[in-house]
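Residue numbers (the working numbering), protein chains in the order written: chain F, 1 to 381; chain D, 382 to 762; chain U, 763 to 1143; chain X, 1144 to 1524.
Glycine included, every Cβ here is placed at the ideal spot set by N, Cα and C.
To keep things clear, I will list the structure first and then write my remarks on it.
4 protein chains.
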Amino acid sequence: MARKIRMGMVGGGRGAFIGGVHRIAAAMDGEIELVCGAFSSSPEKSIASGQDLMLDPDRCYADFKEMIKKEKKRKDRMDVVSIVTPNHMHFEPAKLALENGYHVICDKPVTFTLQEAKKLKDIIQKTGLTFALTHNYTGYPMVKEARQLIRNGALGKIRKVVVEYPQGWLSFPIEKQGSKQAEWRVDPSKSGVAGAVGDLGTHAENLAEFVTGLRITELCADLSSVVEGRVLDDDANILLHFDNGAKGILHCSQICNGDLNGLNIRVYGELGSLHWRQETPQYLHHKSIDGHKIYQPNVGKLSDEANANTRIPFGHPEGYLEAFANIYRNFARTVRKRMNGEEPTALDLDFPTIDDGIRGMQFIETVIASGKQCKWTKFKS
Amino acid sequence: MARKIRMGMVGGGRGAFIGGVHRIAAAMDGEIELVCGAFSSSPEKSIASGQDLMLDPDRCYADFKEMIKKEKKRKDRMDVVSIVTPNHMHFEPAKLALENGYHVICDKPVTFTLQEAKKLKDIIQKTGLTFALTHNYTGYPMVKEARQLIRNGALGKIRKVVVEYPQGWLSFPIEKQGSKQAEWRVDPSKSGVAGAVGDLGTHAENLAEFVTGLRITELCADLSSVVEGRVLDDDANILLHFDNGAKGILHCSQICNGDLNGLNIRVYGELGSLHWRQETPQYLHHKSIDGHKIYQPNVGKLSDEANANTRIPFGHPEGYLEAFANIYRNFARTVRKRMNGEEPTALDLDFPTIDDGIRGMQFIETVIASGKQCKWTKFKS
Amino acid sequence: MARKIRMGMVGGGRGAFIGGVHRIAAAMDGEIELVCGAFSSSPEKSIASGQDLMLDPDRCYADFKEMIKKEKKRKDRMDVVSIVTPNHMHFEPAKLALENGYHVICDKPVTFTLQEAKKLKDIIQKTGLTFALTHNYTGYPMVKEARQLIRNGALGKIRKVVVEYPQGWLSFPIEKQGSKQAEWRVDPSKSGVAGAVGDLGTHAENLAEFVTGLRITELCADLSSVVEGRVLDDDANILLHFDNGAKGILHCSQICNGDLNGLNIRVYGELGSLHWRQETPQYLHHKSIDGHKIYQPNVGKLSDEANANTRIPFGHPEGYLEAFANIYRNFARTVRKRMNGEEPTALDLDFPTIDDGIRGMQFIETVIASGKQCKWTKFKS
Amino acid sequence: MARKIRMGMVGGGRGAFIGGVHRIAAAMDGEIELVCGAFSSSPEKSIASGQDLMLDPDRCYADFKEMIKKEKKRKDRMDVVSIVTPNHMHFEPAKLALENGYHVICDKPVTFTLQEAKKLKDIIQKTGLTFALTHNYTGYPMVKEARQLIRNGALGKIRKVVVEYPQGWLSFPIEKQGSKQAEWRVDPSKSGVAGAVGDLGTHAENLAEFVTGLRITELCADLSSVVEGRVLDDDANILLHFDNGAKGILHCSQICNGDLNGLNIRVYGELGSLHWRQETPQYLHHKSIDGHKIYQPNVGKLSDEANANTRIPFGHPEGYLEAFANIYRNFARTVRKRMNGEEPTALDLDFPTIDDGIRGMQFIETVIASGKQCKWTKFKS
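Here it is, written out as structure tokens:
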């Protein structure tokens, strides 16, 4: 008899934001069960958080090391570990989990440094376990449709890509006013060398490469720390060159006051263009000199990739949490099949991996290198 | 130690649509656990459906009577029953569940006839149990915000209400082409006396009364069965009078080819108007002669009612499933508190009840009475 | 050598609104020259208004009778008369102008009563002169495209029409606060038997019949005078039946606070639907179960009728004044050809005529008859 | 007695695009009369074009020199010269017109080189005549409102500006397929050193500086000639630095297939942001962490500058031609007052001047200098 995939969580205690998102995403489709967690670096808080979640107190651990160790002894032990801590605390739990036989799903950016990301890839390859990275915006069905349209040549040769990720919630120094979410994001010891570029720019880079299938080869960045007192960038304007000769622009910001979560992309090819905005993710615009069409989930004939990541009939909007859940569900199906000795399908495997994570870390380090000198810089390898 | 609310489901087997929605809505927030079900009138299909859901085979029942009877003997028995069958099969399981001590959450329209709905209210009152009706569109945070704005006088006296629910998926006779979803909806033995009016019109009526706080007192309906061979209405145009003297229009349709799930409402008061569309539910427009504002979840200061039904920060779209889940979550919190002898708060109790169900059945019967004679007809009581 | 068509104007003096619109519409394309006018019932104001317009003082007349009489004696006399007075002062100047050999272009509704409209038709037919009615909203290129798409069968059989014209500028009794525009519109001695229905409903009716090619056969109206002290309707909700069996809804209002000039139409046919909104007139949405396309002027292949009424390349928005000017330009071209003994083309003749005016007056009188008794009423003939 | 301003035109013969736009813009408000022209470098075509326009054949001149010379002898001679030729033919007619006492209104970019633009400024100053540049996009009322809001501190300190001007009509080499509009734009002997940057980038630069009141101090450009065979840029991505420390992005393109005339701007300040798109110019979005408002012409309280450039009530869309006409009308009022020895008001003088033209030429030359070497380059002076 089939059972749900059992998940333990690292991070995501009381007051955290992204942990709750991961839990909803994992729970939604009924294929994963949260069974344990090390929710906080404070043991008391970890246990209290687990109680909020109605977990068995025995399985609310003081830290991830304890969780990994003790779960191994249980018959009903967890199958996968979900890592939702700030950037600087991704590598260690991921490594330990993999080395102890657990599949891992991890928030982005994948690690604190590019070097860590590469090490992690080695470990994944060595263990043969499944690793998913929650670059959640590629989980939207219309993003998958865009990728398929481009794969199928609907735009011809890609010429220009404009990808933007403006947010405005850090327009004021709220990190000094008690915002826990703001605090770690502007702190180099937790976020790494980049601020907006790490938090938002990596999503934009990932989206652009995912949708177009192209790779950025070099870039020229203009970074700013707009709000007084910040050491990391909170705004970045970046020119891009792609491996097929296409040009592009990527900008991301935490100080675009009035913008909410404005990730969007426009891809221009010889034959037409695609336009998508995260805040109304159900619409994919396909425009050309000859006309303007809007694609929506379940309307007309769409790709298998879009259909597989849509739950409900047309006109019933699915949103951010469903896109996030698509990654969890595909990850869970892959894990289940591998646990059963079956081969996952291409649709099962449709989630971001360590390679996306490495690209993201390369992007961060290349931007920082360019931004210091304001010059064209080759993509790090 | 707290535990999840345990839920059994009636209906929602393989091939059903709304059952899966209910399951996602129940699972999302981690407060409810699906433990058993009578998923189909065919015992084999019920069991197969339960296996798909990774349930204990012992708790996949042949019919709702068996489920109610056998669960009572279990120590870990279900707490609540979710009813997701077509309209004609709501009353019997609801009645039996309540009479056996289970709280009930039920799809709409609440029953097959107004008379049944009134009987059900008696039973609910007698048992003192909790009954929720999944008029899911009132679960959206911006719908709650609209209600609060009107309660607080933002529009002054309401003068006109336009509420629309156009769909187009039944533009062709797909009930003859194997669509299970279409079949029961056009079949009077399963849907009752109304087609589009029951399926969609009741949502529109509920939304209008929910948002405005007004009650429809009389109406004048023009019903059509547009697609050849249909006996129930698939299109309805209805003039409304409200109890404060306001006028209105309600129209709903299954043959508006090109419209998806186009529920929307506009409420015009002396001082301004509110405009909301289900397909982009994150936007609530507040317009007046002096200006146009757009409200969105978590942007600026909103009502407690809106905030309590929002999960994630601004710009991260929540959709249909989250609105649906709000009903389940509020229902679960109410049930939990009542099971613990605590008093639910107003925010816990913010879900539709049997009274909404009775209004819906009155609406259906009034429309049908008017539509036969095309004349102003007082709202049934 | 060709010369511009010479125009005289009746009404449109200082403080008027629609007169200025007519002048811009007439001037824009350089085919018509305003040469004289009787701009006000006050001779002094008429002359002052003419001076504002830099007209020859000799041709600023005290009233339309004087204008018609004196212009006849001039060698460079006007060719056409433009009538922009309130409704009750359309018939007399139109009659006199036609009887003295001038072509006429007139604001809507065409006359004060249906009887006058029919008389006017007789005079037009007898004189053989050209008469245009400025139902300006059918001058938009995307409205013409909609008509052509339907003519060409893009929607199949029409099943439902929803046409709306909400305005909000009369939400308060501004007619008592010095608004000249409001004063005459709520005054039965100037507007006739209808308020919103005459001012706005006729546009909606005209748009629906223009776009669909159908004719309303009966209707059921619910009229209101919402703002205290008004005797004419300022809000109307109307159910429609069309000659092919289609159903419809028309509502118009002057008290929809927050709506600006919200004329819009949706036409649903067997195969799909068309959606158009006056406030963003460059977009025509064509939707069906299979997809959603947006048509815009000069994008892709459009009808000759749309192209002939577009001046500038795609993406350069044309608006209300250009749509209005299309009527003037087509009227001017028709007049010029007829003056030269040539046959106007179908594109020249693409402007509303006395027949549209008669339909409008029939509509008004039918609505008033129905609204008094709230019952289905056959369209007046 | 007042009379219309008399205008002669240079360029704009049969087959031209922008000449017709200028004529409509000049005619619309009834303050300017086109009396003569040198419409083409071919005398026959010039006369034929004048006949199309119903001008006196005596005033259809073989070239601008003849026009300027012969008009001087007429009592009813023209007052102003409108120059609508390609870029390389702006300077000579402007110079000659000014030196012969005519006011000038000229299409943009103002000249072929920066040096010419500076010379022209000297001539204007020496003659004391009025010179207007048709940077038409700043003629929109909501653009003026944006400028006033920023002047009044609504956004606080400006931090970031994103201005875009994507077009797609040159996605294919239509200059080789007979498109006259395309031919001169891609020809360095007619357009100058820049392609998209001159045609579109200057509008974007002008809009950004107009709205913000800031000045670009340096930029870093990435230019491309995407379509094979082109020598001028048809796509440009540019990073900007402003004189107050703000950063920005400007990109413009002729190969964004599917975009029409997509000029748009977003200005982010400490306190909020403004968002405007040319294709729906009636909407100005004002967003901040606290809310989202939409401003529209004549809705609520707007600046005098916005109101003075709006003709009709709210909800009646004005478009590209009206914005263009605002420049002509303000220019005409300024000229009239100066001809009458009166002082023009600030509202009369609200049109672009030679200084805008010089900024545009500086922008072009700076971009080209940067683009060759892909490096930060100070704004030319």
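Hey, could you find the ends of the alpha helix (DSSP H) residue i is sitting in?
i           : result
Lys-426(D)  : 424-433
Val-1374(X) : Where Val-1374(X) is concerned, there is no enclosing alpha helix (DSSP H), given that its DSSP letter is neither H nor E.
Met-1123(U) : 1116-1135
Tyr-320(F)  : 320-339
Met-790(U)  : Where Met-790(U) is concerned, there is no enclosing alpha helix (DSSP H), given that its DSSP letter is neither H nor E.
Ala-1337(X) : Where Ala-1337(X) is concerned, there is no enclosing alpha helix (DSSP H), given that its DSSP letter is neither H nor E.
Asp-1066(U) : 1066-1070
Thr-403(F)  : This structure gives no information on residue 403(F), because the portion of chain F shown stretches from 1 to 381.
Phe-1234(X) : 1234-1242
For residue i and chain F, any beta-carbon pair shorter than 9 angstroms?
i           : result
Tyr-1438(X) : no
His-1418(X) : yes
Val-1369(X) : yes
Arg-1526(X) : The question about residue 1526(X) has no answer, for chain X in this structure spans 1144 to 1524.
Met-409(D)  : yes
Between residue i and chain X, is any beta-carbon pair separated by less than 9 angstroms?
i          : result
Pro-166(F) : yes
Leu-713(U) : In the structure displayed, chain U extends from 763 to 1143; residue 713(U) sits before or after that span and is not available.
Residue j and residue i - do their beta-carbons sit closer together than 9 angstroms?
i           : j           : result
Asp-762(U)  : Thr-964(U)  : Examination of residue 762(U) is not possible in this model, given that chain U is present from 763 through 1143 alone.
Thr-1228(X) : Gly-1155(X) : yes
Arg-159(F)  : Val-1306(X) : no
Asn-1452(X) : Asn-1469(X) : yes
Ala-575(D)  : Ile-749(D)  : yes
Ile-265(F)  : Trp-276(F)  : yes
Can a CB atom of chain D be found closer than 9 angstroms to the CB of residue i?
i           : result
Trp-1138(U) : yes
Gly-1001(U) : Strictly speaking, residue 1001(U) in this sequence is Leu, with Gly absent from that position. Closer than 9 angstroms to some Cβ of chain D, the Cβ of Leu-1001(U) qualifies, so yes.
Val-1442(X) : yes
With distance defined between alpha-carbon atoms, name the residue in the options nearest to residue i.
i           : options                                         : result
Lys-1137(U) : Leu-1111(U), Asn-849(U), Ile-1000(U)            : Ile-1000(U)
Ala-627(D)  : Ile-1011(U), Leu-1002(U), Ala-998(U)            : Ala-998(U)
Gly-1010(U) : Ala-859(U), Ala-983(U), Gly-1020(U)             : Ala-983(U)
Met-1101(U) : Asp-1118(U), Leu-858(U), Met-840(U)             : Met-840(U)
Val-993(U)  : Ala-970(U), Ser-1015(U), Leu-976(U), Asp-949(U) : Asp-949(U)
Phe-324(F)  : Arg-151(F), Phe-363(F), Thr-134(F), Gly-269(F)  : Thr-134(F)
Leu-219(F)  : Tyr-165(F), Lys-380(F), Ala-26(F)               : Lys-380(F)
Counting only beta-carbon atoms, is residue i nearer than 9 angstroms to chain U?
i          : result
His-484(D) : no
Gly-291(F) : yes
Using the C-alpha atoms, what's the distance from residue j back to residue i?
i           : j          : result
Thr-726(D)  : Lys-682(D) : 21 angstroms
Asn-1230(X) : Leu-274(F) : 33 angstroms
Met-1504(X) : Thr-212(F) : 36 angstroms
Arg-776(U)  : Glu-205(F) : 59 angstroms
Pro-871(U)  : Phe-779(U) : 16 angstroms
Thr-734(D)  : Asn-898(U) : 50 angstroms
Thr-127(F)  : Ala-94(F)  : 12 angstroms
Residue range of the beta strand (DSSP E) that residue i falls in?
i           : result
His-1047(U) : 1046-1050
Trp-657(D)  : 654-658
Asn-645(D)  : 645-650
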